[in-house]
Amino acid sequence: SKEAVRKRFFFLFIGSLFPWIALILNLASYNNLKIDFGPFGILAAALIFIYNIYAYKLFELLPAAQKTVFESMQDGVIILNRENLITECNRAAERLLGKSYTQKGTDAASIFNEETLHKILNFHHNDEDITIPYQQNGAEIVLSIRPSQILDHMGENNGTLLILRDVTNQKADEEEIRNLLAEKEILLREVHHRIKNNMNTIAGFLTLQARNMADQEAITALQEAKNKVSSMMMIYDKLMHTSDFTNISSADYLNQLIDYITSSYDNESEIHINRQIDDEILDSKIMFQLGIILNELFTNSYKYAFPNRNKGRIDIRFEVANHTLTLIYRDNGKVLPEEAMEKTKPGLGLSLISLLVRQLKGTLDIIRKDGTEFKIVLRET
Numbered sequence: 140s141k142e143a144v145r146k147r148f149f150f151l152f153i154g155s156l157f158p159w160i161a162l163i164l165n166l167a168s169y170n171n172l173k174i175d176f177g178p179f180g181i182l183a184a185a186l187i188f189i190y191n192i193y194a195y196k197l198f199e200l201l202p203a204a205q206k207t208v209f210e211s212m213q214d215g216v217i218i219l220n221r222e223n224l225i226t227e228c229n230r231a232a233e234r235l236l237g238k239s240y241t242q243k244g245t246d247a248a249s250i251f252n253e254e255t256l257h258k259i260l261n262f263h264h265n266d267e268d269i270t271i272p273y274q275q276n277g278a279e280i281v282l283s284i285r286p287s288q289i290l291d292h293m294g295e296n297n298g299t300l301l302i303l304r305d306v307t308n309q310k311a312d313e314e315e316i317r318n319l320l321a322e323k324e325i326l327l328r329e330v331h332h333r334i335k336n337n338m339n340t341i342a343g344f345l346t347l348q349a350r351n352m353a354d355q356e357a358i359t360a361l362q363e364a365k366n367k368v369s370s371m372m373m374i375y376d377k378l379m380h381t382s383d384f385t386n387i388s389s390a391d392y393l394n395q396l397i398d399y400i401t402s403s404y405d406n407e408s409e410i411h412i413n414r415q416i417d418d419e420i421l422d423s424k425i426m427f428q429l430g431i432i433l434n435e436l437f438t439n440s441y442k443y444a445f446p447n448r449n450k451g452r453i454d455i456r457f458e459v460a461n462h463t464l465t466l467i468y469r470d471n472g473k474v475l476p477e478e479a480m481e482k483t484k485p486g487l488g489l490s491l492i493s494l495l496v497r498q499l500k501g502t503l504d505i506i507r508k509d510g511t512e513f514k515i516v517l518r519e520t
């Protein structure tokens with residue numbers, strides 16, 4: 140500060156006087172004591188210089204370096220005192236706000252409106268930067284302000300430091316990105332809507348065809364095909380109502396799929412469905428294939444585990460833990476035949492299940508005891 144500089148020069152002046160005073164005393168005719176005052180003068184000057192060095196940092200280079208860094212910063216910097224008057228301002232701030240607004244002693248209220256000044260003075264460390272429109276040489280820019288308190292050694296507020304930055308281009312880029320994302324969202328929503336409608340049309344054709352068939356085996360095949368299409372259609376229906384068109388709720392999708400599949404079979408059967416499904420937001424690609432797998436497992440149970448029985452139990456457990464997805468499907472019906480363990484026998488759907496699990500880089504275990512249990516373990520990517 141200027142006060143510190145004045146004190147430095149004062150002590151330098153006083154210190155330089157002592158050797159001259161000692162010389163004058165030595166030359167004076169009334170020096171009857173015959174004492175050499177020279178060493179005393181030099182010692183006094185040395186003590187004053189030492190005090191000046193430590194108290195006022197006489198040879199300290201840091202202030203000069205700080206001033207250089209302060210002036211060369213790309214961001215504008217303004218320092219306000221407790222009365223919100225400008226005490227320091229760098230060249231970048233002058234360019235941003237204009238020289239007339241950045242003179243020392245200028246009140247911050249003449250630069251910022253009341254609302255902005257209130258935000259500056261009540262700013263907290265975890266708050267977002269204050270962004271305001273600002274007129275610069277007749278053109279409007281977007282100004283970002285990051286305030287911080289200047290605390291003294293006692294922790295008392297000694298003023299406010301303002302970091303200013305022109306973010307006009309950044310805000311324009313962000314607005315362009317938002318517009319592009321909005322266009323992409325509309326496009327994806329329309330794509331998913333059209334796919335869903337097309338699948339719904341296909342499912343309708345399969346239903347009409349099944350009604351015109353007399354052969355029960357053909358009717359069953361068409362119903363199974365319709366269930367597969369419907370499981371895919373549900374995915375696109377869910378994606379239409381998500382924000383990112385990528386992830387969906389596991390519980391929402393799987394529960395709806397289970398309800399649909401069970402309702403498509405003979406309503407007179409008394410097969411109890413017990414389900415425990417974790418509700419997690421997962422990638423639709425994984426859920427798409429899990430839906431097909433679950434559809435095949437239900438088909439196997441209704442066709443082969445309970446061929447002549449109207450009563451039975453199916454337990455479904457879907458767990459998500461430590462980035463691992465586990466689907467356990469078990470029925471207490473007829474045990475899966477030994478030849479089906481090869482997973483290639485036509486009609487049992489195991490070849491498709493095995494293929495989908497391999498595509499998901501998972502594992503498939505089949506346990507044949509008091510019914511059949513399928514355990515599928517996948518790593519969430």
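Count along the sequence shown starting at 1, add 139, and that's the number in the working numbering.
All C-beta atoms, glycine included, are put in the ideal place defined by N, C-alpha and C.
First through last residue of the alpha helix (DSSP H) which encompasses residue i
| i | result |
| --- | --- |
| I492 | L489 to Q498 |
| T438 | S423 to N439 |
Where residue i falls: helix, strand or coil (DSSP)
| i | result |
| --- | --- |
| T385 | coil |
| V368 | helix |
| I250 | coil |
| P272 | strand |
| D470 | strand |
| D376 | helix |
| A460 | strand |
| E329 | helix |
| F148 | helix |
| R230 | helix |
| R317 | helix |
| D504 | strand |
| D214 | coil |
| N223 | coil |
| E267 | coil |
| G451 | strand |
| L156 | helix |
Closest residue to residue i among the options (Cα-Cα distance)
| i | options | result |
| --- | --- | --- |
| D470 | G451, T463 and F457 | G451 |
| T207 | T226, R230, L219 and I225 | R230 |
| E227 | I218, R234 and E233 | I218 |
| D454 | S423, L429 and I416 | I416 |
| E222 | A248, E210, H263 and D214 | A248 |
| E363 | N351, N318, L345 and Y443 | L345 |
| T336 | N366, M352 and D376 | First, the residue type needs correcting, since residue 336 is Asn and not Thr in the sequence shown. For the residues N366, M352 and D376, the minimum Cα distance to N336 belongs to D376. |
| F437 | I492, E279 and D418 | I492 |
| H462 | I400, E419 and K508 | E419 |
| D456 | K508, E435, K442 and F513 | Rather than Asp, the amino acid found at residue 456 in this sequence is Arg. Looking at the Cα atoms, F513 is the closest of the given residues. |
| L162 | S490, P178 and L503 | P178 |
| Q428 | V496, L489 and L396 | V496 |
| P476 | Q498, L503, K508 and T502 | K508 |
Residue j beta carbon less than 9 Å from that of residue i
| i | j | result |
| --- | --- | --- |
| I387 | L421 | yes |
| T245 | A232 | no |
| V235 | L303 | Checking the displayed sequence, the identity of residue 235 turns out to be Leu instead of Val. Yes; because the gap between Cβ atoms is below 9 Å, this pair is in contact. |
| L433 | L464 | no |
| I341 | A349 | no |
| Y392 | I374 | yes |
| E519 | V474 | no |
| G430 | M338 | no |
| S211 | A184 | no |
| N296 | Q309 | no |
| Y273 | E267 | no |
| S403 | K365 | yes |
Neighbourhood of residue i by C-beta distance below 6 Å, restricted to the same chain and skipping five residues each side
| i | result |
| --- | --- |
| I269 | K258 and I284 |
| P446 | none |
| K243 | I225 |
| P286 | I259, F262, T299 and L301 |
| N318 | none |
Range of the contiguous beta strand (DSSP E) that encloses residue i
| i | result |
| --- | --- |
| L290 | A278 to L290 |
| R304 | N296 to D305 |
| E419 | Segment: none, E419 is in no beta strand (DSSP E) and carries neither H nor E. |
| L514 | Residue identity check: residue 514 is Lys in the sequence provided, not Leu. Segment T511 to R518, the beta strand (DSSP E) holding K514. |
| G237 | No beta strand (DSSP E) contains G237, which DSSP labels as neither H nor E. |
Beta-carbon contacts of residue i that lie in its chain and below 8 Å, excluding the five residues immediately before and after
| i | result |
| --- | --- |
| V306 | T270, V281, L282 and S283 |
| G237 | Q275 and N276 |
| K500 | L517 and R518 |
| N394 | R414 and I416 |
| T401 | I410, I412 and F437 |
Proximal residues to residue i (C-beta, below 7 Å), its chain only, five neighbours per side dropped
| i | result |
| --- | --- |
| M426 | I374, I387, S389 and Y392 |
| S423 | I374, L378, T385, N386 and I387 |
| G472 | S440, A444, F445, R448, G451 and G510 |
| Q213 | A231 |
| L290 | N296 and N297 |
| L256 | A247 and A248 |
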